[in-house]
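J.:
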Amino acid sequence: MLSSILSLLNTTLMYSAPLIFGAMGGVISERAGVVNIGIEGMMTFGAFVGASIGYYTANPWLGFLAGGLAGALMALLHAIASISFKADQTISGMALNFIGPGLSLFLCRIFFSNQTMTDRVPNKLPKVFNVIDITVFIALAVTILLWFILYKTKWGLRIRSVGEHPAAADTLGINVYKIRYLSVISSGFLAGLGGASMTLAVVAQFTPTSISGQGFIALAAVIFGKWTPQGAYGACLLFAIAQALAVSLGGGKIAVPSEIINMLPYVLTIIILILFVGKSMAPKASGKPYDKGTR
Amino acid sequence: MKRIISFFIISLMIFMLPGCSWDDPQTIENDGVFRVSMVPDLGGVNDQSFNQSAWEGLQKFSNKTGAQVSYMEPKQSSDFLLNLDKLSDGNSDLILGIGYVMSDPIEQVSKLNLDKNYVIVDYAFEEGEFNNVTGVVFRSQESAFMVGYIAGRTTKTHKVGFIGGMKNPVIDQFESGYKAGLLWAAKELGKNIDVVVQYADSFSDEAKGKAIAYKMYSSDKCDVIFHAAGGVGYGVIEAAKDTNRYVIGVDRDQSYIAPDNVLTSAIKNVGAAVEIVSKKKMDGEEIGGMNFEFGIKEDCVGIPETNKILDPIVYQDTMKIAELIKDGTIKVPYNLETYKEFEKRMTDN
């Protein structure tokens, strides 16, 4: 019994960490008024770069950091397209979801003798108490930090105001473009960390299936959590618990088809969304490119 | 600013161009040279899995017979049809689609090019449904039986696990073969061996694979797990490494991922199968509209020859089992019904 509860807890935490990083990336970008649907692509690229740097330097921390930077680089593309060139944010985000896996696979073949997966990293990120990945704690710290920045600092106020009413913020002397650029780039950095936490902590190499949908679940968690760091964190945890339940319920002697059990996380999320989470309000300017000339 | 940006975009485009390179099919006149082309799955010909194996098989075939072989890698799934169609316009004598995902595209091009011959690997249409398509399937249950036997002989806790991707006829082959092999070992040892079966309902969720394997190793007290779950399997192997237990790989020798934990692997030798059908076609045999089933006998499924951590005695005994399967003494079940019959036969004698 105790061991089942422990493994339930372990699974939950393991599952949630990459999602939380991705969701925090989503929160900061959306809060500044830029829809970031490209989290999946950024995570994939971060996962690849993280694993490769981790492999070549044998230092998982360097890999982790490099994964974040790789995500930030991808986000820069998104920022240029959607902030400077005022392109449709959904489309440029979607483009990233294609570029991320494509570029990763392309580079993977160059650096790993034509293979479609990287070699195993020699050292993974450490575990706390020998069971829980350290990324779980980093994810929690990032969440608290993001909450603090958004609600307790003037930077946070600026980010939020840019996301709600960029024109008003502009008249008060806030550089809307600068704030949005910084937010989107840090969003990519966090998403990249999320990808790298998958390939450096959960498993130990990048494969084309390493990131398969985590970015989209993270995005859903942002909306579920009403665009707040704490809410999105909770949503990720909820999803992870449901996933862990599906894992521990499956395979038993109960005669329930595995398809039904594995639907649980998604069904549970929808039910809770309908029953307990009221109206969710997106930042007003989210998705709208800011043009100085318009009113 | 504009200049910098246009420079940036242009360099980005140049950077991406190599990704669009195109492996052109030969368009020389018919000169009596036998030509085989293949379209691999998205993994490409270096996926270290069945696409690579297929390409290696073709290269071997080329070395032995002097046939010309080529491949055309798809960049996305919409390319399957495109590449098959392009190859159909060339002068290939045989066009191969690797993987069941090619079944629909092959069906479409084969209808349009009745003078061309196609092979679909890992899928079988109804015999004679398309007169220019040959199906190649594997008796994966036979290699699964072998690894099941190995698992049964190796387990100390008398409890082993099976993790499947999604329930489908191919994974059923693995599950029933594995369980049958376990039963055989259990009977030989005069013990009871429990098997825990769980499906991930995914072929890509590595974290889920790890979570399920963790559960099996810890709460269920399994000490050997066999996975037939594609990408999910990387998570399973990771869990085996973390908890220092045994895991059995699938499709190819996966011991390179975790040499101290991968006991053995149930190999699917697509290359050998590809070689056999290409040879048949080259020799003028009529293979269109037929389906071939390859197993241990044709050397198309099995286990690796070297298994670092496997007890050599168990290996030898397993090879004896393979002989029994080859000569038909053991009829390996391939789905749940045949498994039930097998179980009944085993308990009856």
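Chains A and B are the protein sequences, given in the same order. Counted the way the working numbering counts, the first sequence spans residues 1 to 295. Counted the way the working numbering counts, the second sequence spans residues 1 to 349. All C-beta atoms, glycine included, are put in the ideal place defined by N, C-alpha and C.
Looking only at its own chain, which residues have a Cβ that is under 8 Å from the Cβ of Ala207 of chain B, when we skip the five neighbours before and after it?
T.: Within the second sequence, numbered from 1, the residue matching residue 207 of chain B stands at position 207. Only Gly235 meet the Cβ criterion.
J.: List, in chain order, every chain A residue whose beta-carbon is nearer than 8 Å to that of Lys210 of chain B.
T.: As a working note, residue 210 of chain B is residue 210 in the second sequence. Met14, Val202 and Val203, listed in chain order.
J.: In the DSSP assignment, the beta strand (DSSP E) including Phe226 of chain B goes from what residue to what residue?
T.: Taking the second sequence and counting its residues from 1, one reaches residue 226 of chain B at position 226. First-last of the beta strand (DSSP E) with Phe226 of chain B: Val224 to Ala228.
J.: Give, in chain order, every unbroken run of the alpha helix (DSSP H) that is at least 4 residues long and sits entirely within the region 40-120 of chain A.
T.: Within the region 40-120 of chain A, the complete alpha helix (DSSP H) runs of at least 4 residues are 60-79 and 89-111.
J.: Specify the secondary structure class of Ser265 of chain B as computed by DSSP and reduced to three states.
T.: Translated into positions along the second sequence, residue 265 of chain B becomes position 265. The answer is strand: DSSP assigns Ser265 of chain B an E or B state.
J.: Whole angstroms are fine: how far does the CA of Gln205 of chain A sit from the CA of Pro166 of chain A?
T.: Sequence index remark: in the first sequence, residue 166 of chain A carries index 166 (1-based). Sequence index remark: in the first sequence, residue 205 of chain A carries index 205 (1-based). About 42 Å.
J.: Look at the alpha carbon of Ser16 of chain A and the alpha carbon of Ile241 of chain A, and state the distance between them as a whole number of angstroms.
T.: Taking the first sequence and counting its residues from 1, the one referred to as residue 16 of chain A is at position 16. Taking the first sequence and counting its residues from 1, the one referred to as residue 241 of chain A is at position 241. Approximately 8 Å between the Cα atoms of the pair.
J.: Would you list the one or two residues that DSSP bridges to Arg160 of chain A?
T.: For the purposes of this step, residue 160 of chain A is taken as the residue at position 160 of the first sequence. Per DSSP, none; premise fails for Arg160 of chain A.
J.: Alpha carbon to alpha carbon, how far is Gly251 of chain A from Phe61 of chain B? Give it in angstroms, no decimals.
T.: Working through the second sequence from its first residue, we reach residue 61 of chain B at position 61. Working through the first sequence from its first residue, we reach residue 251 of chain A at position 251. Looking at the two C-alpha atoms, the distance is approximately 43 Å.
J.: Using a Cβ cut-off of 9 Å (strictly closer), state whether Gly231 of chain B contacts chain A.
T.: For this step, residue 231 of chain B is matched to residue 231 along the second sequence. Chain A, which has a Cβ nearer than 9 Å to the Cβ of Gly231 of chain B, makes this yes.
J.: By the DSSP assignment, the beta strand (DSSP E) with Thr134 of chain B in it spans what residues?
T.: Within the second sequence, the letter at position 134 stands for residue 134 of chain B. Here the beta strand (DSSP E) through Thr134 of chain B covers Val133 to Phe138.
J.: Since Ile28 of chain A is in the alpha helix (DSSP H), which residue starts that stretch and which ends it?
T.: Residue numbering aside, residue 28 of chain A sits at position 28 when the first sequence is read from its first letter. Element bounds for Ile28 of chain A: Leu2 to Arg31.
J.: At the 9 Å Cβ level, is Glu129 of chain B part of the contact set with chain A, yes or no?
T.: Working through the second sequence from its first residue, we reach residue 129 of chain B at position 129. Chain A, which has no Cβ nearer than 9 Å to the Cβ of Glu129 of chain B, makes this no.
J.: If we cut at 9 Å on Cβ distances, does Val250 of chain B have a partner in chain A?
T.: As a first step, residue 250 of chain B is located in the second sequence; it is residue number 250 there, counting from the start. No, no contact with chain A.
J.: Less than 9 Å between the beta carbons of Leu300 of chain A and Ala244 of chain A, yes or no?
T.: The question about residue 300 of chain A has no answer here: the residues shown for chain A are numbered 1 through 295.
J.: What distance in whole Å lies between the Cβ atoms of Ala54 of chain B and Val121 of chain B, which are believed to be in contact at a cut-off of 8 Å?
T.: In the second sequence, counting from the first residue as 1, residue 121 of chain B sits at position 121. In the second sequence, counting from the first residue as 1, residue 54 of chain B sits at position 54. The Cβ separation is near 7 Å, so the contact holds.
J.: If you follow the alpha helix (DSSP H) that Leu172 of chain A is in, where does it begin and where does it stop?
T.: Within the first sequence, residue 172 of chain A is the residue found at index 172, counting from 1. Neither: Leu172 of chain A is in no alpha helix (DSSP H) and is coded neither H nor E.
J.: Buried or exposed: which applies to Tyr118 of chain B, given that a residue is buried once 16 or more other Cβ atoms fall within 10 Å of its Cβ?
T.: The sequence position of residue 118 of chain B within the second sequence is 118, counting from 1. Its Cβ being crowded by 16 or more others within 10 Å, Tyr118 of chain B is buried.
J.: So, using beta-carbon positions, are Ser186 of chain A and Gly26 of chain A closer together than 9 Å?
T.: In the first sequence, residue 186 of chain A corresponds to position 186, counting from 1. In the first sequence, residue 26 of chain A corresponds to position 26, counting from 1. Not closer than 9 Å, so no.
J.: Are the CB atoms of Cys236 of chain A and Ile223 of chain A within a distance shorter than 9 Å?
T.: Position 223 of the first sequence, counted from the start, is the residue given in the question as residue 223 of chain A. Position 236 of the first sequence, counted from the start, is the residue given in the question as residue 236 of chain A. In this structure, Cys236 of chain A does not lie closer than 9 Å to Ile223 of chain A by Cβ.
J.: Is the region 185-192 of chain B in contact with the region 192-212 of chain A, if contact means three or more CB pairs nearer than 8 Å?
T.: Contact between the region 185-192 of chain B and the region 192-212 of chain A is absent, because fewer than three Cβ pairs lie under 8 Å.
J.: Starting from Phe239 of chain A, trace the beta strand (DSSP E) both ways and give me its first and last residue.
T.: Here the question's residue 239 of chain A lines up with position 239 in the first sequence. Run containing Phe239 of chain A: none in the beta strand (DSSP E); it sits in the alpha helix (DSSP H), Pro229 to Leu249.
J.: Which residues, taken in chain order from the region 187-205 of chain B, show a beta carbon closer than 7 Å to some beta carbon of chain A?
T.: Per Cβ criterion, the list reads Val196, Val197, Gln198, Tyr199, Asp201, Ser204 and Asp205.
J.: Mapping DSSP to helix, strand and coil, what is Ile28 of chain B?
T.: Along the second sequence, one-based indexing puts residue 28 of chain B at 28. With a pLDDT of 49 at Ile28 of chain B, under the threshold of 50, the modelled position of this residue cannot be trusted; read the value that follows with caution. The answer is coil: DSSP assigns Ile28 of chain B none of H, G, I, E or B.
J.: For Ile99 of chain A, which option in A:Ala70, A:Gly41 and A:Gly63 has the closest C-alpha, if you only look at C-alpha atoms?
T.: Numbered from 1 along the first sequence, position 99 holds the residue referred to as residue 99 of chain A. Out of A:Ala70, A:Gly41 and A:Gly63, A:Gly41 has the C-alpha closest to the C-alpha of Ile99 of chain A.
J.: Name the chain A residues that come within less than 9 Å of Asp47 of chain B, Cβ to Cβ?
T.: The sequence position of residue 47 of chain B within the second sequence is 47, counting from 1. Per Cβ cutoff of 9 Å: Gln115, Thr116, Met117 and Pro208.
J.: Quick check on the DSSP output: the beta strand (DSSP E) that includes Arg345 of chain B runs from which residue to which?
T.: Against the second sequence, residue 345 of chain B aligns to sequence position 345. Taken as a continuous stretch (DSSP letters only), Arg345 of chain B belongs to no beta strand (DSSP E), being part of the alpha helix (DSSP H) at Leu336 to Asp348.
J.: Please name the residue, chosen from A:Val35, A:Pro60 and A:Ala72, that lies closest to Gly46 of chain A on a Cα-to-Cα basis.
T.: In the first sequence, counting from the first residue as 1, residue 46 of chain A sits at position 46. Of the listed residues, the one whose Cα sits closest to Gly46 of chain A is A:Ala72.
J.: What residues in its chain sit with their C-beta under 6 Å from that of Pro101 of chain A, if we drop five residues either side in the sequence?
T.: The residue you call residue 101 of chain A lines up with position 101 of the first sequence. Here the set comprises Thr44.
J.: Answer yes or no: does any C-beta atom of chain A fall closer than 9 Å to that of Tyr100 of chain B?
T.: Looking up residue 100 of chain B in the second sequence gives position 100. Answer no: the Cβ-Cβ gap between Tyr100 of chain B and chain A never drops below 9 Å.
J.: Starting from the beta carbon of Glu73 of chain B, find every residue of chain A whose beta carbon is closer than 9 Å, and list them in chain order.
T.: Mapped onto the second sequence, residue 73 of chain B falls at position 73. Correct list: empty, because the minimum Cβ distance to chain A is about 11 Å.
J.: Can you give the Cα-Cα distance for Thr134 of chain B and Glu275 of chain B, rounded to whole angstroms?
T.: Taking the first residue of the second sequence as position 1, residue 134 of chain B is located at position 134. Taking the first residue of the second sequence as position 1, residue 275 of chain B is located at position 275. Each residue's alpha carbon lies about 14 Å from the other.
J.: Leaving aside the five residues before and after Thr90 of chain A along the sequence, list all residues of the same chain whose C-beta is less than 8 Å from its C-beta, in chain order.
T.: Your numbering for residue 90 of chain A matches position 90 in the first sequence. Taken in chain order, the residues that qualify are Val35, Ile37 and Gly287.
J.: Is Pro74 of chain B buried or exposed, if buried means 16 or more other CB atoms sit within 10 Å of its CB?
T.: Residue 74 of chain B sits at position 74 when you count from the first residue of the second sequence. The residue in question, Pro74 of chain B, is buried, as its Cβ has 16 or more Cβ neighbours within 10 Å.
J.: With DSSP run on the structure shown, which of helix, strand or coil describes Ser197 of chain A?
T.: Taking the first sequence and counting its residues from 1, the one referred to as residue 197 of chain A is at position 197. Of the three classes helix, strand and coil, the one that applies to Ser197 of chain A here is helix, per DSSP.
J.: Do Thr11 of chain A and Phe203 of chain B have their C-beta atoms closer together than 9 Å?
T.: In the first sequence, counting from the first residue as 1, residue 11 of chain A sits at position 11. In the second sequence, counting from the first residue as 1, residue 203 of chain B sits at position 203. Contact: no.
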